[in-house]
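Residue numbers (my numbering): 88 to 322. For every residue, glycine included, the Cβ atom is placed at its ideal position computed from N, Cα and C. Nothing here was measured: the structure is a model prediction, and the numbers come from that model.
Next comes the structure, spelled out in structure tokens:
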């Protein structure tokens, strides 16, 4: 697990970390396997970013050259799905197995907790997060939807709420859905900050449900917040 997610260093109008005071969260780190692709999900630059990252990977692994166009196409599709929901990081696995892409993706988004009655932001605790995650009992077939819900301990970020299993995921701007192995981990920001980091990982490889959930758990366990240093204590 080698590659670190980029930090949100420069505050912008859309930066969920803007206005952070010393000691506040200014970004996130998460590590994915070195074979994964990481790219910018901004609409204006995403296509170029994907082409560049695939071209660099083909240089490293010339045997992928004949699949370069398929890799770019698949990653563009993943990026389109990732752009919704205040995404601050996106990483994808895209390997060619028997001539077909084997895909998994992981995003981190940052969302403010909002009281639906008052419209105001509110502190989000684990009890609240767990209450919105409903378990689904397994069906008769191994590929039927199911979901288990539990608390997990992230080594560098503390307790988080998690839902994992097989889900039907709606395709943005479409009336169709697809079935996927899914893990979603909700990590409350520290202190009284009302924001939540949502780590979402999925793959359509239903035959590999438990190995993929183990991989998603391993990646998610590397998640940590990055804090703004206090100038008075900097060396």
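Going by beta carbons, residue 219 and residue 195 fall outside the 7 Å limit. Collapsing the DSSP output to three states places residue 309 in coil. Per DSSP, the unbroken alpha helix (DSSP H) holding residue 147 starts and ends at 133-147.
Comparing C-alpha distances from residue 122 to each of 173, 189, 157 and 168 shows the shortest one belongs to 189.
Shown here for residue 293: same chain residues with a beta carbon closer than 6 Å to its own, the five before and five after excluded, namely 230 in chain order.
In the displayed model, residue 247 falls within a strand according to three-state DSSP. Sorting 254, 120, 198 and 275 by C-alpha distance to the C-alpha of residue 243 places 275 at the top.
Straight through space, the alpha carbons of residue 301 and residue 310 are spaced by roughly 15 Å.
By the Cβ criterion, the stretch 269-289 is in contact with the stretch 246-253, since at least three pairs of Cβ atoms, one from each stretch, lie closer than 8 Å. One alpha carbon belongs to residue 144, the other to residue 245, and they sit about 35 Å apart.
Using a Cβ distance threshold of 7 Å, residue 111 and residue 315 count as a contacting pair. Under the 8 Å Cβ criterion, the stretch 104-119 does not count as touching the stretch 145-157, having fewer than three qualifying pairs. DSSP places residue 294 in the helix class (H, G or I) of the three-state scheme. In the structure shown, residue 304 falls within a helical segment according to DSSP collapsed to helix, strand and coil. Residue 254 has its alpha-carbon roughly 14 Å from the corresponding atom of residue 191. Within the same chain, 163 come within 7 Å of residue 134 by CB-CB distance, once the 5 residues on both sides are set aside.
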